[in-house]
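K.L.:
So that we are looking at the same thing, I have put the structure below in structure tokens.
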Amino acid sequence: MIVAITGAARGIGYATAKALKAGGATVVIGDIDEEAVAKAASELGVEGHVLDVTNRASFEVFLEAAGEYDVLINNAGIMPIGPVLEETDADAKRCFDINVHGVMLGTKIALARFVPLGKGHVINIASLAGVLSTPGLALYNGSKAAVLGFTEAARLEVKRHGVEVSAVLPTFTNTELVAGTRSPKGQKNCEPEDIAKAVVNLIAKPRPQVTVPSKLAASVKISGLMPQSVKDAMNRRLGLDTIFLDFDHDARKAYDSRIRS
């Protein structure tokens, strides 16, 4: 099995590449950071390429290099945080270019290969942020909600061809994306390896959607039935109303600089 993974120089993508390689898969990773992807590829013992997921030509070259790939994992994404009135138009455009357009682009290119073959699997790394809106996370919430809508529509369209399209919804995960923030009260962040394990299991047993950790899936469904006043009170109790508004700017400076460069 050959698996292509975007945004895999670090974080969830890196952990997923490591887990799949350990399981015997041939893994090809891509990332826009040339130095980081070369280092990651060397450490993992896999093939690595520079990839700009917002550029069709770049994406096509990456997937051509992956050869007869069986699975594409659209993992690349960024998470700008802070008050919505302080997010620039450039922030909004870059967030949606990478998180949404990049996922759509990769999915379409992969499906053009998979549908005629009658097999293949596209896995889009979304987020619980796509279904649970949080103050200070408006751009990210919007982008991940778009990923979920797109992924499900694409899945319904191609399932008759024998092709799988799935979404993975991680909760707070200890990667650079949450630098400078704190965890919700009483909750423990996931590790990238937790998401990687879920992806490995999803490839082995395809499903439309997987939440990580799985115990939160029921909570999300129940919250949809709650009155807004109850949900607001729960958010305040967990501290979700301020996590992405009251954060350590210095601890986040390196990440913010990188995603805006």
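Position one of the sequence shown corresponds to residue 287 (our numbering), numbered consecutively onward.
Every residue, glycine too, gets a C-beta built ideally from N, C-alpha and C.
Where does P317 sit, in a helix, a strand or coil, going by DSSP?
P.N.:
The question names Pro, yet the displayed sequence has Asp at residue 317. D317 falls in the strand class under three-state DSSP.
K.L.:
Check whether the stretch 442–456 and the stretch 320–329 touch, using three or more Cβ-Cβ pairs below 8 Å as the test.
P.N.:
no
K.L.:
Three or more C-beta pairs under 8 Å: does that hold for the stretch 463–472 against the stretch 508–516?
P.N.:
no
K.L.:
Mind checking whether T292 and L397 have CB atoms under 9 Å apart?
P.N.:
Contact: no.
K.L.:
Put A482 into one of helix, strand or coil per three-state DSSP.
P.N.:
helix
K.L.:
Kindly examine the ligand MN and report whether one of its heavy atoms sits closer than 8 Å to the Cβ of M520.
P.N.:
With respect to the ligand MN, the structure shown offers nothing to examine, as it has no ligands at all.
K.L.:
Output the distance between the C-alpha atoms of K539 and N427, rounded to the nearest integer angstrom.
P.N.:
21 Å
K.L.:
Cα separation between N487 and A412?
P.N.:
Rounded to the nearest angstrom, the two C-alpha atoms are 16 Å apart.
K.L.:
In whole angstroms, give me the CA-to-CA distance for V506 and V417.
P.N.:
8 Å
K.L.:
Any idea which residues DSSP pairs A550 with across the strands?
P.N.:
This structure leaves residue 550 out entirely; the chain is present only between 287 and 547.
K.L.:
Once you ignore the five residues that flank T497 on each side, which residues in its own chain have a CB closer than 6 Å to its CB?
P.N.:
L455 and A503
K.L.:
Rounded to a whole number of angstroms, what is the C-alpha to C-alpha distance between A482 and L371?
P.N.:
Their backbone Cα atoms lie some 35 Å apart in a straight line.
K.L.:
With a floor of 4 residues, list each alpha helix (DSSP H) that falls wholly inside the stretch 368–444, ordered by position along the chain.
P.N.:
375–382, 388–403 and 424–444
K.L.:
When the distance is taken between beta carbons, is N410 closer than 9 Å to A453?
P.N.:
yes
K.L.:
Tell me the DSSP secondary structure of L306 in three-state form.
P.N.:
In the structure shown, L306 sits in a helix (DSSP, three-state: H, G or I).
K.L.:
Put G334 into one of helix, strand or coil per three-state DSSP.
P.N.:
strand
K.L.:
Are the CB atoms of E450 and G404 within a distance shorter than 9 Å?
P.N.:
no
K.L.:
What do you reckon, are the CB atoms on E462 and R296 nearer than 9 Å?
P.N.:
yes
K.L.:
May I have the straight-line CA-CA distance separating L330 from V485, to the nearest angstrom?
P.N.:
Near 17 Å, if we compare the C-alpha coordinates of V485 and L330.
K.L.:
Under the DSSP definition of a beta bridge, which residues are partnered with N360?
P.N.:
N410
K.L.:
Return the Cβ separation of R380 and I364 in integer angstroms, given the expectation that the two are a contact with Cβ distance under 8 Å.
P.N.:
7 Å
K.L.:
In this structure, how does DSSP classify A537 when only helix, strand and coil are distinguished?
P.N.:
helix
K.L.:
Looking only at C-alpha atoms, which of M287, F436 and V389 sits nearest to K307?
P.N.:
M287
K.L.:
Taking the alpha-carbon positions, what's the F345 to D338 distance?
P.N.:
7 Å
K.L.:
Restricting to Cα atoms, I'd like to know which of L524, P369, R546 and I315 is closest to L425.
P.N.:
P369
K.L.:
Give the DSSP bridge partners of V289, in chain order.
P.N.:
V313 and V357
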